[in-house]
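**Student:** Protein chains in written order, with this note's numbering: chain S, 11 to 425; chain G, 11 to 425. C-beta atoms are modelled at their ideal positions from N, C-alpha and C, and glycine is treated no differently.
There are 2 protein chains.
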Amino acid sequence: MRTVGLIVEYNPFHNGHLYHLRQSRKITEAEAVVAVMSGHFLQRGEPALLDKWTRTRMALAGGCDLVIELPCAYATQAAEWFAFGAVSLLEATGVVDAFCFGTESGELAPLLQAAELTAKESPEFKAILKRRLQDGGSYPGAYSAAVSDYLAERGHASAANFPFAMPNHTLGLHYLIALNRIGGTMKPYTIAREKAQYNQTTATDSRIASATAIRKMLLEERTLEAAGPYVPESTYRFLREEWLAGRCPVSWDNYARPLLHAIVTRSAEQLAELRELNEGLEHRIRNALPKLDGLRFEELLEALKTKRYTRTKLQRALLSVLLGHAKADFTAEKLAAGVEYIRVLGFTGKGRQLLRRMRDAAALPVLLSAARPPRPYPYLELDVRATGAYMLDLPGGGAAPALFRDFTDKPVAMP
Amino acid sequence: MRTVGLIVEYNPFHNGHLYHLRQSRKITEAEAVVAVMSGHFLQRGEPALLDKWTRTRMALAGGCDLVIELPCAYATQAAEWFAFGAVSLLEATGVVDAFCFGTESGELAPLLQAAELTAKESPEFKAILKRRLQDGGSYPGAYSAAVSDYLAERGHASAANFPFAMPNHTLGLHYLIALNRIGGTMKPYTIAREKAQYNQTTATDSRIASATAIRKMLLEERTLEAAGPYVPESTYRFLREEWLAGRCPVSWDNYARPLLHAIVTRSAEQLAELRELNEGLEHRIRNALPKLDGLRFEELLEALKTKRYTRTKLQRALLSVLLGHAKADFTAEKLAAGVEYIRVLGFTGKGRQLLRRMRDAAALPVLLSAARPPRPYPYLELDVRATGAYMLDLPGGGAAPALFRDFTDKPVAMP
Chain S
11 MRTVGLIVEY NPFHNGHLYH LRQSRKITEA EAVVAVMSGH FLQRGEPALL
61 DKWTRTRMAL AGGCDLVIEL PCAYATQAAE WFAFGAVSLL EATGVVDAFC
111 FGTESGELAP LLQAAELTAK ESPEFKAILK RRLQDGGSYP GAYSAAVSDY
161 LAERGHASAA NFPFAMPNHT LGLHYLIALN RIGGTMKPYT IAREKAQYNQ
211 TTATDSRIAS ATAIRKMLLE ERTLEAAGPY VPESTYRFLR EEWLAGRCPV
261 SWDNYARPLL HAIVTRSAEQ LAELRELNEG LEHRIRNALP KLDGLRFEEL
311 LEALKTKRYT RTKLQRALLS VLLGHAKADF TAEKLAAGVE YIRVLGFTGK
361 GRQLLRRMRD AAALPVLLSA ARPPRPYPYL ELDVRATGAY MLDLPGGGAA
411 PALFRDFTDK PVAMP
Chain G
11 MRTVGLIVEY NPFHNGHLYH LRQSRKITEA EAVVAVMSGH FLQRGEPALL
61 DKWTRTRMAL AGGCDLVIEL PCAYATQAAE WFAFGAVSLL EATGVVDAFC
111 FGTESGELAP LLQAAELTAK ESPEFKAILK RRLQDGGSYP GAYSAAVSDY
161 LAERGHASAA NFPFAMPNHT LGLHYLIALN RIGGTMKPYT IAREKAQYNQ
211 TTATDSRIAS ATAIRKMLLE ERTLEAAGPY VPESTYRFLR EEWLAGRCPV
261 SWDNYARPLL HAIVTRSAEQ LAELRELNEG LEHRIRNALP KLDGLRFEEL
311 LEALKTKRYT RTKLQRALLS VLLGHAKADF TAEKLAAGVE YIRVLGFTGK
361 GRQLLRRMRD AAALPVLLSA ARPPRPYPYL ELDVRATGAY MLDLPGGGAA
411 PALFRDFTDK PVAMP
């Protein structure tokens with residue numbers, strides 16, 4: 011059973027995702043789809059719109075056969091570690107033959123070429139990267155620029171002109187670098203993203219809108235119906251269910267109070283022990299607080315933003331505070347050791363067959379819940395903690411038993 | 011101007027406090043009263059019913075002339091450090107001639123005798139204390155029993171029979187031990203508590219009820235009027251103001267959610283870095299959470315209580331989690347160094363005269379707010395953090411500027 015792997019957030023699963031999924035199956039000639047999906051907190055340092063079990067239902071109804079969780083230790087990181095965690099998990103299943111990601115251009119060759127040259131991070135490349143970082147600006151921007159510089163210096167003029175800085179090119183490059191580093195055997199593919207660009211905030215097509223645009227309808231316009239045309243019927247049904255139960259949409263605003271609590275009850279030294287809090291950001295955050303007029307997340311973010319501290323960088327830092335992510339648990343050494351287990355969030359009938367094959371094929375233990383793992387896994391514990399925090403301040407107020415759904419919930423099973 | 015010092019929580023200021031204040035002035039022949047008052051969190055590990063500025067107004071209206079703050083680093087501790095912080099602050103003002111505390115018996119002699127013998131904590135006394143602690147039970151209980159044993163062994167049979175274990179005898183003993191240790195010059199006095207015993211939960215007199223009984227009326231019966239007969243008219247007026255503004259009564263239930271957040275987002279190791287979390291209590295707390303049905307503080311407390319972990323011990327531990335009190339900031343060495351400043355919360359005209367005398371007489375810098383201290387004071391920062399946490403989850407939802415009232419509020423000034 012030829013199988014394709016996808017790396018997803020599904021926040022929420024929409025028609026663009028459906029298109030990507032179907033195209034991925036088609037070009038890889040796959041019969042089954044495995045998705046590695048982020049849990050309750052996402053790459054841009056934000057809470058997911060809906061809990062991970064609901065998003066798993068959307069994924070399975072949309073055509074995935076097996077959904078496994080990307081631990082928040084990787085899911086909430088910049089491209090490098092995000093990509094490393096996701097690609098190595100797909101590879102570790104032992105059943106994924108190909109993986110396919112969306113890009114702005116749909117061109118794989120320049121990304122492959124760049125990945126091959128930069129994967130080893132030679133001293134020359136590192137020197138260029140350092141120079142670019144000194145120019146200021148964000149890390150991903152500097153990285154992309156360094157890749158272009160490096161390719162140009164080595165005579166790959168046409169590849170050097172490739173727009174590596176586009177968000178999905180950056181991610182794609184890091185997927186390929188990760189694949190290279192772990193010596194993975196999955197065959198990479200890319201598909202041009204259709205119609206809606208990543209991050210685009212308004213719908214431009216009658217059926218396709220970016221997840222950002224859809225979230226905007228739900229969060230800012232507070233209308234569920236507006237999202238209808240842009241999501242599969244199944245997504246709409248699950249969205250509606252959660253909406254009516256008052257548990258959706260979830261946004262940073264639900265966590266403004268616990269975030270402020272987590273800040274005001276820490277000394278600068280305690281804050282500086284948390285990941286993403288570097289170079290005095292802990293002081294900047296503490297100093298911003300007394301100037302706030304209200305308790306809204308957006309106001310805090312505005313007060314902190316500079317050219318150097320982008321929205322994403324700040325959101326990740328604030329998420330680290332919200333979740334109490336100690337730097338000591340996120341060292342490059344620990345992250346490079348990779349995920350130590352495969353956590354299953356849901357499966358279809360075909361997914362069940364994959365799981366059966368994984369008994370022999372998988373390189374890591376397969377877990378059906380966070381309860382009673384064969385031994386303690388630090389990243390699993392971080393996910394349990396993330397779920398606790400996520401559930402505690404859901405719209406409408408979390409219920410106590412929900413805090414530990416990681417222990418009690420079985421994977422979502424669909425026909 | 012002969013001045014008497016009092017050690018108070020005023021939670022809230024009631025007729026019993028008024029009686030104690032007047033008696034204290036009378037027996038010490040004092041013209042002025044200085045109160046060292048706990049801030050937003052109290053000795054039993056609880057938030058105060060009303061913020062510290064409102065309680066300062068009650069104190070000044072009730073007859074205090076100068077109110078200074080006992081930092082939460084001492085205010086939320088067991089008798090030993092609580093007493094040490096309070097007594098050394100009163101002594102440091104340089105203007106307090108006598109201090110007077112309420113006890114169950116009103117007898118000073120046995121307490122003085124015991125304090126003199128135990129203040130040095132001789133190896134013999136320590137051995138007895140260790141033996142008593144091994145019998146199980148709480149630390150204060152073991153300490154009182156050890157004092158009796160020690161006195162009996164040294165032939166002070168009648169003093170040995172004194173009920174040291176009664177809560178105000180325990181506190182009183184530690185006030186005297188602290189005075190002895192710092193070589194203080196204030197003359198100690200005690201007054202028998204009238205009518206309402208400490209902790210008594212129901213009103214037994216038409217005008218006197220314990221603070222516990224009054225809090226019960228406000229918190230459980232949710233009636234302000236019931237408290238009327240037991241508090242001075244001024245207290246009632248301030249209580250009513252806060253009640254109508256929706257900022258009172260404050261209880262642990264207001265902090266259940268941030269407390270749970272602070273627990274679920276910490277690893278066992280991170281919890282164990284907080285003070286009062288010893289001997290595996292961090293595991294007990296983490297294990298209790300998945301079994302909760304709701305998000306009420308009382309339910310968590312019930313789930314944790316054992317003979318060994320008393321309500322007070324647990325409340326102090328949970329408060330340490332809520333406020334992020336690192337063990338490293340509460341070492342015996344740091345606490346023994348004492349408070350480094352005198353923080354003024356309010357004064358009357360007479361208090362202003364005392365402050366003028368304190369310019370020369372005080373052993374420590376006098377601060378009128380937490381803004382711009384002459385140098386950073388760790389305990390002052392802990393108080394700023396405690397105010398932030400207290401204000402953030404006030405009934406009705408705290409407002410952002412209120413989080414930093416320690417920086418913005420001037421002392422309460424009354425005629």
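(1) Looking only at DSSP bridge pairs, what is residue 198/G linked to?
(2) Expressed to the nearest angstrom, what Euclidean distance is found between the alpha-carbon atoms of residue 253/S and residue 228/S?
(3) Do residue 358/S and residue 68/S have their C-beta atoms within less than 7 Å of each other?
(4) For a contact meaning CB atoms closer than 9 Å, what does residue 150/G contact in chain S?
(5) Do the CB positions of residue 7/S and residue 309/S come within less than 7 Å of each other?
(6) Taking only beta-carbon atoms, is residue 334/S less than 7 Å away from chain G?
(7) Whose Cβ in chain G lies nearer than 9 Å to the Cβ of residue 303/S?
(8) Given that a residue counts as buried once 16 or more other Cβ atoms are within 10 Å of its Cβ, and exposed if not, what is residue 288/G?
(9) Measure the C-alpha to C-alpha separation of residue 78/S and residue 409/S and round it to an integer number of angstroms.
(10) So the alpha helix (DSSP H) residue 157/S belongs to, where does it begin and stop?
(11) Counting only beta-carbon separations shorter than 7 Å, does residue 385/G have a partner in chain S?
(12) List, in chain order, every chain S residue whose beta-carbon is nearer than 7 Å to that of residue 399/G.
(13) Using C-beta distances below 7 Å, list every residue in its chain close to residue 102/G, excluding the 5 sequence neighbours before and after it, in chain order.
(14) Excluding five sequence neighbours on each side, which residues of the same chain lie with their C-beta closer than 7 Å to the C-beta of residue 99/S?
(15) So the beta strand (DSSP E) residue 353/G belongs to, where does it begin and stop?
(16) Just to make sure I have the definition right: I need the residues of chain G whose C-beta is within less than 7 Å of the C-beta of residue 300/S. Which are they?
(17) Assign residue 145/S to one of two classes, buried (16 or more other C-beta atoms within 10 Å of its C-beta) or exposed (fewer than that).
(18) Determine, using beta carbons only, whether residue 294/G comes closer than 7 Å to chain S.
(19) Using CA atoms only, rank isn't needed, just tell me which of 105/S, 167/S, 94/S, 86/S is closest to residue 124/S.
(20) Name the chain G residues that come within less than 8 Å of residue 280/S, Cβ to Cβ?
(21) Closer than 8 Å between beta carbons: that is the criterion. Which residues of the segment 86-100 of chain S meet it against chain G?
(22) Looking at the strands, I want to know which residues DSSP matches up with residue 48/S.
(23) So who's on the other strand from residue 422/S, going by DSSP bridges?
(24) So residue 403/G packs on residue 300/G, CB below 8 Å; how close in whole Å?
(25) Give the range of the beta strand (DSSP E) segment to which residue 17/S is assigned.
(26) For residue 297/G, tell me which candidate among 283/G, 276/G, 285/G has the shortest Cα-Cα distance.
(27) Are the CB atoms of residue 218/G and residue 25/G nearer to each other than 7 Å?
(28) Is it the case that the Cβ atoms of residue 97/G and residue 44/G are separated by a distance below 7 Å?
(29) Looking at the strands, I want to know which residues DSSP matches up with residue 284/S.
(30) Give a single yes or no on whether residue 18/S has its beta carbon closer than 6 Å to a heavy atom of the ligand NAD.
(31) Do residue 248/G and residue 182/G have their beta-carbon atoms positioned less than 7 Å apart in this structure?
(32) Going along chain G in order, which residues have a C-beta closer than 8 Å to the C-beta of residue 391/S?
(33) Could you give the first and the last residue of the continuous alpha helix (DSSP H) run that contains residue 26/S?
(34) List, in chain order, every chain G residue whose beta-carbon is nearer than 7 Å to that of residue 402/S.
(35) Per DSSP, which residues does residue 57/G bridge with? Please list them.
(36) Does any residue of chain S have a CB that is nearer than 7 Å to the CB of residue 285/G?
**Tutor:** If we stick to the structure as given:
(1) 109/G
(2) 10 Å
(3) no
(4) Going along chain S, no residue has its Cβ under 9 Å from residue 150/G, so there is no contact; the nearest lies around 27 Å.
(5) The requested residue 7/S does not occur in the structure, where chain S is confined to residues 11 to 425.
(6) yes
(7) 409, 410, 411
(8) exposed
(9) 25 Å
(10) 149-163
(11) no
(12) 271, 274, 275
(13) 352, 372, 373, 374
(14) 46, 78, 80, 349, 352
(15) 352-357
(16) 414, 417
(17) exposed
(18) no
(19) 167/S
(20) 334, 336
(21) none
(22) 80/S
(23) 356/S
(24) Rounded, the Cβ-Cβ distance is 23 Å, inconsistent with contact.
(25) 13-18
(26) 276/G
(27) yes
(28) no
(29) 336/S
(30) The model on display carries no ligand, and the ligand NAD is accordingly not part of it.
(31) no
(32) 277
(33) 25-38
(34) 267, 270, 271, 274
(35) 51/G
(36) no
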